[in-house]
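*Asks:* Just so you know, the sequence shown maps onto residues 0 to 386 in numbering that gives the first Met the number 0.
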Amino acid sequence: MNQFADAVVIGGGVIGTSIQYFLASKGVNSILMEKNSLGSGSTGRSQAILRMHYSNEVTTLLASKSLEVFKNFADITGSSSGYTQTGYLLITDIREKASMQKNLEMMQSKGIKTEIISKNDLDEIAPSISISDNETMCFEPESGFADPHLVTNGFAKKSKLMGSKILLNTPVESINIKDHKVQSIKFKNGEIFTDTLIIAAGPWTKTLMAKLGVKLPLKTVRHQVILLKNTSDQLINHPIIGDTINGLSVRPESNNITMIGTGEDENSEPDSFNQGVDEHVVRKSFLNLSKRLGGISNSHFFGGWSGLFTITPDWHPILGKPTDIDGLYLAAGFSGHGFKLSPMIGLTMSDLIVGGTSTNIDISELTLSRFSKGKTLKSRYKMKVLA
C-alpha cells in the first residue's frame, strides 16, 4: 500500500516521538516507522535521569529547557511524564573543583539553580551520603527523573491526536534517493512517498545511514543497570548521585529500591547483546555504593538489565543535515544523554526542518561535520562522562 506524508520519522524511541510531536505542532503531517514497539530500544532501558550539569552551553540549554517540558508535560501533551524531583548531586575529585566552578558559573548564567556545597550542606540534604576530604560536590535541586515509557507514549498519543500516523512492527527495507533527494521509504507492505526523512533509530542508525553511503562515527556500548532492594525498615532518602569517583549513576526508585547505572560499558551489537547484568559488576557496584550510601548494606540484588548507548567520539549527539542529500535529517549518537534532552531535540529539529534553522537553541555545533573539521565538543573534566 502506498502512502504519502510531509515527513517520515524512522525510530519510535523518545527522540523520534518527540520530533514527530513537535513537527505535528507546526502542522507537519508525518508518519513514524518503528521496527518493534514504542520505546523498545535504548529508551525503554534508560535510567531516565534528568540533570543539567554539562561543560558546554548547548548541552546545558538542551537539558535545562527540556526539564521545563518534563515538569509541565501533562499541560503540554495531556499525559504524565512521571517527573519526580530529587535533586542531583555530582561528586568529583577535589582536583576538579576549578573545572566544576567554571561549569557552575556557565549554568548559573543560564538561570540554573546549582552550587558547590559543603559537608554540612550535604548533611541537611542527604545525611546518608558519605564524602571524603579529597572529593568535592555540587548540587542542583530541581533535577530528578521521569518515566521513559510515559514520555514516549505521551508524545506519540498527542501526535496521533493531531493527525500523525505511527506504524509499529514496520522495519524499513530500503530508502529511495534520486538526484540527491529523498523520494520514498519502502517496507514490507508498501511504500511511503515523502521529501523529508528524519532518522532517529538509535543503535540502528549507523547501519541505515551506511546504506545511503554516509559513514557515521558511532559505536554502540552495553550499559548495565542494577536494582537493589532495601530490606530494612529505614527508608533511604537520597538525591540522584553522579559519582565520578566510582563511575556510578545512582537514583532512588519507588518501594525503597535503588537503581545503579554502572560505568562498565563494552562494545556490543544492537541485535545480539547480553541484556542481563554481569555478576562481577553487581558485586563491584554494591561494594562501591556501600562506601558512599549509608544503609545500602541492608539491600539485596533485585534484578537489572542492560541497554545500549550509541556514542560519538565526543559523547555529544549528531543533529541536523548529515550530507548533501536534500531532505535527509539525522538525530543520533546521544551517548546516554538522549532522554533528558529529548523534548528540546524534538523542538530544535522541527525548527530546523520547517524553518531551515533552529531558533530556540543554536544546535549548529552538533552537526556531523564537526568531526572532520576538528571542532569536537570538550569536557572541562578529566573524568569519564556519566549519563
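Think of the CB as a built atom: it goes at the ideal place given N, C-alpha and C, for glycine as much as any other residue.
DSSP on ARG379, reduced to helix/strand/coil?
*Replies:* Taking the first residue of the sequence shown as 1, we reach residue 379 at position 380. It is coil, neither helix nor strand.
*Asks:* Check whether the Cβ atoms of THR219 and THR151 sit closer than 8 Å, and answer yes or no.
*Replies:* Position 220 of the sequence shown holds residue 219. Position 152 of the sequence shown holds residue 151. Not a contact, by the Cβ cut-off of 8 Å.
*Asks:* Would you check if the distance between the CB atom of SER63 and the CB atom of ILE111 is smaller than 8 Å?
*Replies:* Along the sequence shown, one-based indexing puts residue 63 at 64. Along the sequence shown, one-based indexing puts residue 111 at 112. Contact flag set, yes.
*Asks:* Considering just the uninterrupted stretch of the alpha helix (DSSP H) at ASN102, what are its terminal residues?
*Replies:* Translated into the one-based positions of the sequence shown, residue 102 becomes position 103. From DSSP, the alpha helix (DSSP H) with ASN102 extends over 96-108.
*Asks:* Would ASP270 and ARG221 be called neighbours here (beta carbons separated by less than 8 Å)?
*Replies:* Counting from one through the sequence shown, the residue named residue 270 turns up at place 271. Counting from one through the sequence shown, the residue named residue 221 turns up at place 222. No. Outside cutoff.
*Asks:* Please go through the same chain and pick out, in chain order, the residues whose beta-carbon is closer than 7 Å to the beta-carbon of LEU103, but skip the five residues on each side of it.
*Replies:* Here residue 103 refers to the residue found at position 104 of the sequence shown. Cβ within range, chain order: THR113, GLU114, ILE115 and CYS137.
*Asks:* I need the straight-line Cα distance from LEU247 to ASN175, nearest angstrom please.
*Replies:* As a position in the sequence shown, residue 247 is number 248, starting the count at 1. As a position in the sequence shown, residue 175 is number 176, starting the count at 1. Near 43 Å, if we compare the C-alpha coordinates of ASN175 and LEU247.
*Asks:* Any idea which residues DSSP pairs GLU265 with across the strands?
*Replies:* Working through the sequence shown from its first residue, we reach residue 265 at position 266. Paired residue(s): ARG221.
*Asks:* Around the C-beta of ASP361, are 16 or more other C-beta atoms found within 10 angstroms, so that it is buried, or is it exposed?
*Replies:* Mapped onto the sequence shown, residue 361 falls at position 362. Exposed, by the Cβ-count rule.
*Asks:* Where SER98 and THR358 are concerned, what is the direct C-alpha to C-alpha distance, given to the nearest angstrom?
*Replies:* Taking the first residue of the sequence shown as position 1, residue 98 is located at position 99. Taking the first residue of the sequence shown as position 1, residue 358 is located at position 359. Going by the C-alpha atoms only, they are around 30 Å apart.
*Asks:* Spell out the partners DSSP gives SER183 in its beta bridges.
*Replies:* One-based indexing of the sequence shown puts residue 183 at position 184. In DSSP, SER183 forms a bridge with ASN175 and PHE192.
*Asks:* Taking just the CA atoms, how far does ILE124 sit from MET0?
*Replies:* Here residue 0 corresponds to residue number 1 of the sequence shown, with the count starting at 1. Here residue 124 corresponds to residue number 125 of the sequence shown, with the count starting at 1. Rounded to whole angstroms, MET0 to ILE124 spans 58 Å at the Cα level.
*Asks:* For a test of the three-state rule: what should DSSP assign to TYR53, helix, strand or coil?
*Replies:* Sequence index remark: in the sequence shown, residue 53 carries index 54 (1-based). In this structure, TYR53 counts as coil in the three-state DSSP scheme.
*Asks:* Under 8 Å, do LEU428 and VAL181 count as touching if we go by C-beta distance?
*Replies:* Since the displayed the chain opens at 0 and closes at 386, residue 428 lies outside it and no answer follows.
*Asks:* Can you give me the C-alpha to C-alpha distance between ASN35 and LEU329, rounded to a whole angstrom?
*Replies:* What you label residue 35 is simply residue 36 of the sequence shown in a count that begins at 1. What you label residue 329 is simply residue 330 of the sequence shown in a count that begins at 1. Their backbone Cα atoms lie some 20 Å apart in a straight line.
*Asks:* Compute the beta-carbon to beta-carbon distance between ILE260 and GLN46, rounded to the nearest angstrom, for a pair I have assumed lies under 8 Å.
*Replies:* Taking the sequence shown and counting its residues from 1, the one referred to as residue 260 is at position 261. Taking the sequence shown and counting its residues from 1, the one referred to as residue 46 is at position 47. The question names Ile, yet the displayed sequence has Gly at residue 260. The Cβ separation is near 5 Å, so the contact holds.
*Asks:* With DSSP as the reference, identify every bridge partner of ILE397, one or two as the case may be.
*Replies:* Only positions 0 to 386 of the chain appear in this structure, which leaves residue 397 out of reach.
*Asks:* With DSSP collapsed to three states, give me the class of VAL249.
*Replies:* Within the sequence shown, the letter at position 250 stands for residue 249. Strand at VAL249.
*Asks:* Which residue from ASP178, GLU172, ILE198 and THR193 puts its Cα closest to that of LYS187?
*Replies:* Here the question's residue 187 lines up with position 188 in the sequence shown. Measuring from the Cα of LYS187, the nearest candidate turns out to be GLU172.
*Asks:* How is PHE272 classed by DSSP in three states: helix, strand or coil?
*Replies:* The residue labelled residue 272 in the question sits at position 273 within the sequence shown. Residue state, collapsed to three classes: coil.
*Asks:* Please state whether DSSP places TRP203 in a helix, a strand or coil.
*Replies:* Within the sequence shown, the letter at position 204 stands for residue 203. DSSP places TRP203 in helix when its eight states are reduced to three.
*Asks:* Alpha carbon to alpha carbon, what distance is there between ARG379 and ILE239?
*Replies:* Your numbering for residue 239 matches position 240 in the sequence shown. Your numbering for residue 379 matches position 380 in the sequence shown. Those two C-alpha atoms are separated by around 21 Å.
*Asks:* Could you name the residues of the same chain whose beta carbon sits closer than 8 Å to that of HIS297, not counting the 5 residues immediately before and after it, in chain order?
*Replies:* As a first step, residue 297 is located in the sequence shown; it is residue number 298 there, counting from the start. Note that residue 297 corresponds to Asn in the displayed sequence, not to His. Same-chain partners within the cutoff: ASN229, THR230, SER231 and GLN233.
*Asks:* Counting C-beta neighbours from all protein chains within 10 Å, is the total for THR356 16 or more, i.e. buried, or is it exposed?
*Replies:* Mapped onto the sequence shown, residue 356 falls at position 357. Counting Cβ neighbours within 10 Å, THR356 comes out exposed, since fewer than 16 surround it.
*Asks:* In chain order, what are the residue ranges of uninterrupted alpha helix (DSSP H) at least 4 long that sit wholly in the region 268-354?
*Replies:* Fully enclosed alpha helix (DSSP H) runs of 4 or longer: 278-291 and 337-354.
*Asks:* Check for me: the beta strand (DSSP E) holding SER29 runs from which residue to which?
*Replies:* Within the sequence shown, the letter at position 30 stands for residue 29. Taken as a continuous stretch (DSSP letters only), the beta strand (DSSP E) holding SER29 covers 29-32.
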